Amino acid sequence: MTTPIVTAIAVYEAGKKAYQAYQTICDFVSLGREDPTPEQEILAKLEVLHQDFVSLQGRFDELLEAVKQAVRVEQQAYVLNLQRDLDGLRGKARTAMDELNSWVAGGRRDPLLRANADNNSRLAANTLLEGDSFFYRPDANSPESVFDHRLAYVAYVYVLTVRFGVIAGLNPQYREDRLAREELTRHAARLDWVFQHADQAIEPVVDGRVDPGSYYVYYRGVDHITGYDSGTARTAWLPGGQAEFENVVARYTDQVRAELRVQTGLANLMGFHDTVAYWAKDPHVPGWSPWAPVGVPDTMASVGAASDRPGRTVLVWRDPQKAQLRTTSYDSTATAPAWKPSVAISAEKSVLDAPPVLALSSGPGLITVLFRGADGGVYATRTDATQPSGWLAAPVKVSGDTDYMLYFKAAATSGSTVVIWLNNQTGALMAVFQDAKGAWGAPQEAAPAGTASLSSDLTVACPSPGVVMAFWTRDDRTVHSVTYDSHAPAPAWSAPAQIAEFPGGDFPSSIQAAGSGDGKADVFWQGGFGSMWFIHYDGGWSAPAEATPRHLTNWGQPFTTVPAVTAGRRLNAFWLGRDYRVQTAYRDPQQPTWSAPLRLGQTWWSYAELTAATTPAGSVQLYRVGEKLLTCFYDTATPSAAARIADAQALMTRAQTLWNLPGPLRDEAIARAFDGIAVAREVVAQDPGYRARLAGWLVSPLGIHLLAAGRHDEAVAAMQEALGLYEQLIREQPDSDELAYRKATTLVNLAQALWANSDQIQGAQRAVEATDLLRRLTAKNPGYRAGLASWLVFPAGTYLKGIRRYDEALAREQEALSLYEQLIREQPDSDEHVYRKAWTLVNLAQILWDKSERVQGAQRAVEATDVLRGLATKDPARYRPALGDWLMWPTIPYLRYSGQRDQALVRAREAVDIFTALNATDPAKYGPKLEAAKKLLADLQP
570 MTTPIVTAIA VYEAGKKAYQ AYQTICDFVS LGREDPTPEQ EILAKLEVLH QDFVSLQGRF
630 DELLEAVKQA VRVEQQAYVL NLQRDLDGLR GKARTAMDEL NSWVAGGRRD PLLRANADNN
690 SRLAANTLLE GDSFFYRPDA NSPESVFDHR LAYVAYVYVL TVRFGVIAGL NPQYREDRLA
750 REELTRHAAR LDWVFQHADQ AIEPVVDGRV DPGSYYVYYR GVDHITGYDS GTARTAWLPG
810 GQAEFENVVA RYTDQVRAEL RVQTGLANLM GFHDTVAYWA KDPHVPGWSP WAPVGVPDTM
870 ASVGAASDRP GRTVLVWRDP QKAQLRTTSY DSTATAPAWK PSVAISAEKS VLDAPPVLAL
930 SSGPGLITVL FRGADGGVYA TRTDATQPSG WLAAPVKVSG DTDYMLYFKA AATSGSTVVI
990 WLNNQTGALM AVFQDAKGAW GAPQEAAPAG TASLSSDLTV ACPSPGVVMA FWTRDDRTVH
1050 SVTYDSHAPA PAWSAPAQIA EFPGGDFPSS IQAAGSGDGK ADVFWQGGFG SMWFIHYDGG
1110 WSAPAEATPR HLTNWGQPFT TVPAVTAGRR LNAFWLGRDY RVQTAYRDPQ QPTWSAPLRL
1170 GQTWWSYAEL TAATTPAGSV QLYRVGEKLL TCFYDTATPS AAARIADAQA LMTRAQTLWN
1230 LPGPLRDEAI ARAFDGIAVA REVVAQDPGY RARLAGWLVS PLGIHLLAAG RHDEAVAAMQ
1290 EALGLYEQLI REQPDSDELA YRKATTLVNL AQALWANSDQ IQGAQRAVEA TDLLRRLTAK
1350 NPGYRAGLAS WLVFPAGTYL KGIRRYDEAL AREQEALSLY EQLIREQPDS DEHVYRKAWT
1410 LVNLAQILWD KSERVQGAQR AVEATDVLRG LATKDPARYR PALGDWLMWP TIPYLRYSGQ
1470 RDQALVRARE AVDIFTALNA TDPAKYGPKL EAAKKLLADL QP
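Its first residue numbered 570, the sequence shown is counted upward by one per residue in our numbering.
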């Protein structure tokens, strides 16, 4: 018989594999890379997921057997049918992977494969999104159905990961697409629905007995879906009364539920939900990221983190096997952001096997690391750009001759770092300072002998630059402090003073402190009944107050409470809660109360150290030091203008890629271009220096693609917006030829959009303005002559002809002809210039004809074909088709109707010969033209 824990492991493993695959796809998409292509990279991740699920099939079979055993024999057919339907959905998702793979392997030429991959992945995921019945089974003891997510959950995490992979593969910038975000948001809500129902089936059974002065608690956990029962355990008799008993009952209730969440796979479901929800949210909305592994393979203990400039984070840790410090860094502003390979920054066996390792930054380019050496003293190292490793050649001891300490604390402010420790022999509080250049002073006494005892805890904070406050506890349940102000005429430590008494007989195991940089500071601690307490300094100390509700924290867990002050002077507190989840609360400046506590991420199996690094951009990066180093961060939703413009560029690149693919992808290409424009507009609102970039994208690709798709009104609007931006810029930079040229280019494209939108007068006018502007630029820089000549022919000359302004059209065609003749004299070997001259002659011929100057019109047409014939002789494949077309129109008709029938007949025979040869190579394309040429020849023959 299959045991409940085995079935729980099947669910756990399925969720874990899908969660990992989803995260790796997120990691790839977040980098915005294009090489290898998004589809190829994501397909590789999905193939790993598929193979992982294949390897787990034995566990899935055991899971199916367990669900069958939970129902009566006559109900097992329902379970088998359910599994068959779920297998079908997984098969449909697998088909979507195959179709996307085939589309990529086939050079992205078959739009049906791409569309089918999109449709099949969507259908598989949406079926489980909408179908509640998949998550229920018959109840063996009741006519009602009972919630059992196990079979459907295995299928759902698979098909949802495939669906996300397809979405991200087809549009790596999908977060700018509202419809894609809404689709993933629905799935995040569905995952939460599954979790809530499954969590309700977990029953912690916690009770005990209270006698006068003491109590005990017994506890047990049951999962009613898998049937798993943890068995009953109990505590020893503990000192306390009813209040203490209720507090411990609440703690074990949270812990039993937490342990069962991990064992039944619900913790993975929580993490999976958080990942889907985060990547589905509007990127403009701030919020916490999901937990994700840090891409550093090293074994770590006692990790410290710091950031000294925007985008850069440094991690430092103790290697538990070599007893040495190692470090790595991550720069999100790099072209290909990644954690660098770690380097050693101390000798082996030089680091004491005890936390903490602290990393602090007191200014750009200066990160200081503090740790206890093998001899028990405090050592420091720092960044040093002159060394190959980027760090000092060797750490230096900063605690002097004293090694009598249990621990130390440190704080940093702009231009200074301070370390404090307790001399265990004398009870004196000691301090040492580092200056802005990284040099250390001599240790000094911050508080006299007898100040504290071995049971005291201590901490330190910098309320403002140059000011230090040190804090410690005493056995009489009080908090004391001393202050050092470097701005005083004769800087010295103040006399020790009591600043608070712990309420209700509390005596916390540790205290934490943080300064906000504006003269204010806070000290906080975990109370005995599971709440966070604090006192606040603003010229004087407040009375102790609870910052959070009770029954959240777990008293006595070291290195699990972390403060962090972000830009804007927001004080954040982080701690590991009784439910094995990281929790946080914050208080903004000038606010007397703290925010409601927020839980970050899933339940973990056990407690682990926490460390945090605040960034200059106002974010917090949080690290959890467990079996693997995990991180999450507060997304301020205020990326730099450069980062957002890179997002816009990626969207524009994607739009162009889609536009160039065969099949019906042009609407999708335009949608991506609109997404990019929306991002670029946001950037311009933040930084007007990107206006030229926005204007360029409004013209191409957006405006040009809209014009080609027949969406003329939108094309006109885009071009006009671009024109307005260029005119702003030219007013600010009147001497910029580049801006003037871009304005001319915009006018040319606007002219075509207006003409296509049936506003022909305005279209012609904008074309004239474009050539007038480019003519002025050409007078300064003859390099523009070829562009001017081209625009004079089209659109200016063509549009003027179209509105019957023949003289103006004729003048521009003749100007173009003169320019091309100049260019040919300078570059006689340029076939392109010769072809453009012939093209101009053809257009000139049509204007002359429409002006009733028919002999001249026919003559210009003959000249055009004579010029082109020379090119066709040199390069038949390129020019012979155009020669045939120009003979058929306008040359032969113009000769015929201007009384030059013999000349027309000669050229009609030439056209038949040309199209006969071409028809032999491509009958579908040239066959109709050959027939037309033969008919024209027959009409001309006497």
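Backbone N, C-alpha and C fix where the C-beta goes; we use that ideal spot for every residue, glycine too. Small disclaimer: the values here were computed from a predicted structure and weren't measured.
Out of the options, state which residue places its alpha-carbon closest to the alpha-carbon of residue i.
i, options, result
"Val673", "Leu1276, Leu1361, Glu610", "Glu610"
"Ala1177", "Gly627, Ala1165, Arg1193, Asp1044", "Arg1193"
"Trp1163", "Thr1153, Gln1171, Leu1169, Gly1170", "Thr1153"
"Ile989", "Leu939, Ala639, Lys1420", "Leu939"
"Ser919", "Ala903, Gly934, Pro910, Ala949", "Ala949"
"Leu1179", "Gln1160, Arg747, Gly1170, Val1151", "Val1151"
"Gly1380", "Pro1303, Thr1409, Gly1352, Glu1401", "It is worth fixing the name first, because residue 1380 is Ala in this sequence and not Gly. Residue Thr1409 is the option with its Cα nearest to Ala1380."
"Ala1116", "Asp1087, Leu1167, Gly1108", "Leu1167"
"Ser911", "Pro933, Leu929, Arg887", "Arg887"
"Ala861", "Arg663, Ile1246, Thr593", "Thr593"
"Asp776", "Phe1093, Ala758, Tyr821", "Tyr821"
"Phe703", "Thr902, Asn688, Val723, Asn685", "Val723"
"Gln765", "Ala709, Leu838, Pro773, Glu751", "Leu838"
Assuming residue i and residue j make a contact with CB atoms under 8 angstroms, what is their CB distance in whole Å?
i, j, result
"Ser1055", "Gly1035", "4 angstroms"
"Leu1263", "Arg1250", "7 angstroms"
"Gln1289", "Leu1319", "7 angstroms"
"Thr896", "Leu884", "7 angstroms"
"Gln1190", "Ala819", "That pair is no contact at about 31 angstroms."
Could you tell me the alpha carbon to alpha carbon distance between residue i and residue j, rounded to whole angstroms?
i, j, result
"Ala1142", "Leu1323", "59 angstroms"
"Asp654", "Val648", "10 angstroms"
"Arg1311", "Gly1293", "12 angstroms"
"Asp717", "Ala635", "11 angstroms"
"Pro924", "Tyr973", "16 angstroms"
"Gly738", "Phe622", "21 angstroms"
"Ala1061", "Tyr1053", "6 angstroms"
"Thr1135", "Ser876", "12 angstroms"
"Arg1354", "Thr1347", "6 angstroms"
"Gly1232", "Arg683", "10 angstroms"
"Gly1496", "Val1253", "54 angstroms"
"Gly809", "Gly1097", "12 angstroms"
"Lys585", "Ser915", "36 angstroms"
"Ser1100", "Thr986", "31 angstroms"
"Thr571", "Ala721", "Residue placement at Thr571 cannot be trusted, given a pLDDT of 40 that sits under 50; the coordinates are not used to answer."
"Val1411", "Arg678", "37 angstroms"
"Thr1042", "Leu753", "50 angstroms"
"Ser898", "Lys909", "6 angstroms"
"Gly880", "Gly856", "18 angstroms"
Tell me which residue opens and which closes the beta strand (DSSP E) that residue i is part of.
i, result
"Ile1080", "1080 to 1084"
"Tyr784", "783 to 792"
"Lys978", "977 to 982"
"Asp877", "870 to 878"
Do residue i and residue j have their C-beta atoms closer together than 8 angstroms?
i, j, result
"Arg1394", "Ala1414", "no"
"Gly1272", "Ala1284", "yes"
"Leu829", "Ala767", "no"
"Thr833", "Asp792", "yes"
"Ala997", "Thr1020", "yes"
"Gln645", "Lys637", "yes"
"Val1048", "Ala1039", "no"
Where do the ends of the alpha helix (DSSP H) carrying residue i lie?
i, result
"Ile1214", "1210 to 1229"
"Leu1456", "Element bounds for Leu1456: n/a, residue is neither H nor E."
"Arg1335", "1329 to 1349"
"Asp843", "835 to 849"
"Asn1318", "1306 to 1325"
"Pro1032", "Where Pro1032 is concerned, there is no enclosing alpha helix (DSSP H), although the beta strand (DSSP E) it sits in stretches over 1027 to 1033."
"Phe704", "Phe704 -> no alpha helix (DSSP H), and no H or E assigned at all."
"Pro1161", "No alpha helix (DSSP H) holds Pro1161; DSSP gives it neither H nor E."
With respect to 7 angstroms, is the separation between the Cβ of residue i and the closest non-hydrogen atom of the ligand SAM below this value?
i, result
"Ala1355", "With respect to the ligand SAM, the structure shown offers nothing to examine, as it has no ligands at all."
Would a check of beta-carbon distances place residue i closer than 8 angstroms to chain C?
i, result
"Thr664", "In the structure shown, chain C cannot be found, because there is only a single protein chain."
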